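Line by line, the protein sequences give chains A and B.
Using the numbering used here, you'd call the opening residue of the first sequence number 1 and step up by one each time.
Using the numbering used here, you'd call the opening residue of the second sequence number 256 and step up by one each time.
Here a beta-carbon is modelled for each residue, glycine too, at the ideal position from N, C-alpha and C.
Remember, predicted model here, so these are calculated numbers, not experimental data.
To keep things clear, I will list the structure first and then write my remarks on it.
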Amino acid sequence: MKAFTSKIEKRIIGLLSAALFIIIWKIASIRIGTDIILPAPEEVLLRLFSIMTAETFRQAVGATALRTLYGLIISFVLGFTAGIACGTSRRADAFLSPVIAITRTAPVMSIILLAMIWFKTDLVPVFVGILMIFPILTANVKQGVKSVDRKLLELGTVYRLNRSEVLREITIPSVIPFVLAGLRSSLGIAWKVVIAAEVLSQPVHAMGTGLQFSQMNLETAEVMAWTVTAIILSWLSESALDLLIKHLKWEAPLV
Amino acid sequence: MSEKGISIENVSFAYENNRAAASQGCAERELIFDNFSMELPASKVSVILGPSGCGKTTLLNLVSGLLNSEDGSISSMNNDEQNNFSVLFQEPRLLPWRNISRNIELVLKKHYGAEKARETAGHYLKLVGLEKFTEYFPAQLSGGMRQRAAIARAFAFPADTILMDEPFQALDLGLKINLTSLFTKLWVEDRRTSIFVTHDINEAILLGDEIFVLSGQRPAEVIEHISNPEAHQERNLESETSINIEKKLYRLLTV
């Protein structure tokens, strides 16, 4: 069984699954026979190459990537602060919980529509991204604070570390793996939400704008080409973060 | 160095909630100490010996202030200033994200300033034979080396009293003997008031100047007090004094 889970075998099976997906797609496109409803895979690939060569493609991808990054950074700062506050103080937790509950349960579309009333088109996706990700990070950090090793906190008490030393030396380092896990799970959501908000708010340079434009012109192959681009970008950024997390590990058993 | 003993007067204690009580193997609200008093002399190693679950760790936590007694008092004998403690726990309790030198500097900084803290940490790490490993992280060291670093931290901290909660319990026999003699070597330098909690008769004989035996029932009581007249460096388990003490302790603990 161990050999089954070996890396190479896992990769081969993954490739087989992708190949099967593409074959089914190809057969379906032949049966349907209309490019507007389902273009063939090679058609989408060709369209991807043709849009990639355009200057507007690079501007759109750059702008969307930046919006996603800004959204993540601001959510990180907000979520980290709020999570530490909620985890260390019951009053802060009681105060912030309703705010977080509202942002977590409000429909994405309502937030996008409201943001379109309040902000410039460029800012709408960033704002929506923040509202989606910040509650996830807050919950993760709060969970991290709650699970700080009590034995280390006792150590801080008997050696008389003050509150800021305990926070800096014990709490925050314990929370870092939780923050990274939170970032990892919100990265994919961030791309999706930002692009969704772009589709509606239509900034000048944006992948979402490209998607919407293609759809309006019934360029189905181009809609799919943009989608493939989004999937690749999301996957690349997730892999980069995984690499970073792998290198940041100092965690070891405490005994 | 230290002139202060510890005086425990009429202390009563029970665990308030079920979980804390269960973790100590007793029922909620069951009195672990009832009007309990004892004097622990200055500049000596007092050993608290007793079967598992008799309240040894609870007593140590009451002395260190990790737990608060319901009534009665625990104080240093000249009560003009607050007593402070170094604690050597059952596990090393080193911060995994700091190298061992930084682990020690952390608790010293407030008392000595950054530079002297660094020097002092280096000095004590040399005394415990870890001078080549000051930059190593806990995960890179063996269990015995980590406990040595913890011993260095306990002695480096400018406390009047050193409290030890079965610090060698998890180690194999060779390491136990090795660290027991390391402790003796460091202890005779400044003869700080020390309280050593253990259920191991041999450790009690090798380290204790005063051996207090706690009863196995609750509430706990001191059922015997034995003084060991031999000088620390001359103690070994084969001397007549040691054998006599061992016989006595064995009888007390097996009734």
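Identify every residue that forms a DSSP beta bridge with residue i.
{"i": "M293 (chain B)", "result": "B:I263"}
{"i": "A414 (chain B)", "result": "DSSP, once it has assigned bridges, lists no residue as partnering A414 (chain B)."}
{"i": "I329 (chain B)", "result": "B:I263"}
{"i": "V477 (chain B)", "result": "B:L469"}
{"i": "T448 (chain B)", "result": "B:T416"}
{"i": "A269 (chain B)", "result": "B:L286"}
{"i": "T453 (chain B)", "result": "B:L304"}
{"i": "A50 (chain A)", "result": "The question names Ala, yet the displayed sequence has Ser at residue 50 (chain A). Beta-bridge pairing links S50 (chain A) to no other residue."}
{"i": "F57 (chain A)", "result": "Answer is none; F57 (chain A) lacks a bridge partner."}
{"i": "S482 (chain B)", "result": "B:E465"}
{"i": "F340 (chain B)", "result": "B:T416"}
Suppose the cutoff is 7 Å on Cβ atoms and the five residues either side in sequence are ignored; what does the same chain contact list for residue i look like?
{"i": "K246 (chain A)", "result": "none"}
{"i": "F127 (chain A)", "result": "A115 and F119"}
{"i": "C86 (chain A)", "result": "A92, D93, L96, T138 and K142"}
{"i": "S307 (chain B)", "result": "H454"}
{"i": "E485 (chain B)", "result": "S494 and T496"}
{"i": "I189 (chain A)", "result": "M132 and I133"}
With distances taken from CA atoms, which of the options is nearest residue i?
{"i": "A425 (chain B)", "options": "B:F344, B:R446 and B:T416", "result": "B:F344"}
{"i": "W25 (chain A)", "options": "A:R58, A:L15, A:P39 and A:I12", "result": "A:P39"}
{"i": "H454 (chain B)", "options": "B:F392, B:R447 and B:T509", "result": "B:T509"}
{"i": "L322 (chain B)", "options": "B:A394, B:A414 and B:E271", "result": "B:E271"}
{"i": "N140 (chain A)", "options": "A:K151, A:L167, A:V175 and A:L69", "result": "A:V175"}
{"i": "A60 (chain A)", "options": "A:G156, A:I8, A:L183 and A:D122", "result": "A:D122"}
{"i": "A269 (chain B)", "options": "B:E285, B:V318 and B:A475", "result": "B:E285"}
{"i": "G79 (chain A)", "options": "A:A63, A:L113 and A:I100", "result": "A:I100"}
{"i": "L437 (chain B)", "options": "B:G384, B:L363, B:L314 and B:I263", "result": "B:G384"}
{"i": "L363 (chain B)", "options": "A:I73, A:Q202, A:R160 and A:K146", "result": "A:R160"}
{"i": "L223 (chain B)", "options": "B:M419, B:K365 and B:R473", "result": "Because chain B in this structure spans residues 256 to 510, residue 223 (chain B) falls outside the shown range and cannot be described."}
{"i": "S397 (chain B)", "options": "B:E346, B:R357 and B:T416", "result": "B:E346"}
{"i": "G62 (chain A)", "options": "A:L20, A:V204 and A:I30", "result": "A:V204"}
{"i": "I456 (chain B)", "options": "B:G260, B:N483, B:A404 and B:Y391", "result": "B:N483"}
{"i": "R348 (chain B)", "options": "B:E374, B:K431, B:R401 and B:S301", "result": "B:R401"}
{"i": "I74 (chain A)", "options": "A:S239, A:L233, A:S186 and A:V228", "result": "A:S186"}
{"i": "A225 (chain A)", "options": "A:V44, A:A106 and A:A19", "result": "A:V44"}
{"i": "R473 (chain B)", "options": "B:I261, B:L314 and B:I263", "result": "B:L314"}
If you draw a straight line from the alpha carbon of residue i to that of residue j, how long is it in whole angstroms?
{"i": "I478 (chain B)", "j": "T88 (chain A)", "result": "43 Å"}
{"i": "S494 (chain B)", "j": "A376 (chain B)", "result": "36 Å"}
{"i": "W442 (chain B)", "j": "K503 (chain B)", "result": "26 Å"}
{"i": "T496 (chain B)", "j": "G399 (chain B)", "result": "30 Å"}
{"i": "E465 (chain B)", "j": "L153 (chain A)", "result": "31 Å"}
{"i": "N333 (chain B)", "j": "V342 (chain B)", "result": "Low confidence applies here, because N333 (chain B) scores a pLDDT of 47, under 50, leaving its location unreliable and the question unanswered by this model."}
{"i": "T439 (chain B)", "j": "P296 (chain B)", "result": "18 Å"}
{"i": "E165 (chain A)", "j": "V179 (chain A)", "result": "20 Å"}
{"i": "N217 (chain A)", "j": "S237 (chain A)", "result": "30 Å"}
{"i": "R490 (chain B)", "j": "R506 (chain B)", "result": "21 Å"}
{"i": "F49 (chain A)", "j": "Q143 (chain A)", "result": "44 Å"}
{"i": "T263 (chain A)", "j": "I111 (chain A)", "result": "What the structure shows of chain A is the stretch from 1 to 255, and residue 263 (chain A) is not part of that stretch, so it cannot be assessed."}
{"i": "M256 (chain B)", "j": "H487 (chain B)", "result": "For M256 (chain B), the pLDDT reaches just 42, beneath the cut-off of 50, and the residue's location in the model is therefore unreliable, leaving the point undetermined."}
{"i": "S298 (chain B)", "j": "G471 (chain B)", "result": "28 Å"}
{"i": "F412 (chain B)", "j": "K311 (chain B)", "result": "23 Å"}
{"i": "W583 (chain B)", "j": "N358 (chain B)", "result": "Residue 583 (chain B) lies beyond the residue range present for chain B, which begins at 256 and ends at 510; the question has no answer from this structure."}
{"i": "A459 (chain B)", "j": "I498 (chain B)", "result": "12 Å"}
{"i": "R184 (chain A)", "j": "V77 (chain A)", "result": "15 Å"}
{"i": "I32 (chain A)", "j": "T81 (chain A)", "result": "53 Å"}
{"i": "S201 (chain A)", "j": "G182 (chain A)", "result": "27 Å"}
{"i": "V300 (chain B)", "j": "A405 (chain B)", "result": "18 Å"}
Which residues in the same chain as residue i place their Cβ atom closer than 6 Å to its Cβ, once the five residues preceding and following it in sequence are excluded?
{"i": "S214 (chain A)", "result": "E222 and V223"}
{"i": "P125 (chain A)", "result": "R67, V194, A197 and E198"}
{"i": "V266 (chain B)", "result": "F288, F291, S324 and G327"}
{"i": "T103 (chain A)", "result": "L131 and P135"}
{"i": "F467 (chain B)", "result": "I303, V477 and H480"}
{"i": "T220 (chain A)", "result": "I36 and P39"}
{"i": "C309 (chain B)", "result": "L469, G471 and A475"}
{"i": "F340 (chain B)", "result": "S319, A414, T416 and L418"}
{"i": "Y379 (chain B)", "result": "A407, F410 and A411"}
{"i": "R446 (chain B)", "result": "S298"}
Excluding the 5 residues flanking residue i on each side, which residues of the same chain have their C-beta closer than 8 Å to its C-beta?
{"i": "A369 (chain B)", "result": "E360"}
{"i": "I23 (chain A)", "result": "none"}
{"i": "L382 (chain B)", "result": "A407, F410, K440 and L441"}
{"i": "D335 (chain B)", "result": "Caution is warranted here: a pLDDT of 45 is assigned to D335 (chain B), below 50, making its placement in the model unreliable, and the coordinate value is therefore given only provisionally. Excluding positions up to five away in sequence, the list is empty."}
{"i": "A394 (chain B)", "result": "P351"}
**OP:** Closer than 8 Å, Cβ to Cβ, to anything on chain B: give me those residues from the segment 165–183 of chain A, in chain order.
**Re:** So the list reads E165, E169, I170 and P173, given in the order they occur along the chain.
**OP:** Note down, in chain order, all residues in the segment 375–406 of chain B with a beta-carbon under 9 Å from any beta-carbon belonging to chain A.
**Re:** Answer in chain order: F392, P393, A394, Q395, G398 and R401.
Original post:
Can you list, in chain order, the residues of the segment 22–33 of chain A whose Cβ is nearer than 8 Å to any Cβ on chain B?
Top reply: Residues: none.
Subject >> Positions along the segment 215–244 of chain A whose CB lies within less than 7 Å of some CB in chain B >> reply: Of all residues in the segment 215–244 of chain A, none has a Cβ within less than 7 Å of some Cβ in chain B.
**OP:** Identify each residue in the segment 140–156 of chain A for which the Cβ-Cβ distance to at least one residue of chain B is less than 7 Å, and report them in chain order.
**Re:** Only those residues of the segment 140–156 of chain A whose C-beta falls short of 7 Å from the nearest C-beta of chain B are listed: K151, L152, E154 and L155.
Subject >> Chain-ordered residues of the segment 440–453 of chain B with a beta carbon less than 9 Å from chain A >> reply: Per Cβ criterion, the list is empty.
Original post:
Relative to chain A, which residues along the segment 351–364 of chain B have a C-beta separation below 7 Å, given in chain order?
Top reply: Of all residues in the segment 351–364 of chain B, P351, W352, L361 and V362 have a Cβ within less than 7 Å of some Cβ in chain A.
**OP:** Please list the residues of the segment 308–332 of chain B that have a C-beta atom closer than 7 Å to any C-beta atom in chain A, keeping them in chain order.
**Re:** For the segment 308–332 of chain B, which is checked against every Cβ of chain A, the residues closer than 7 Å are S319 and L321.
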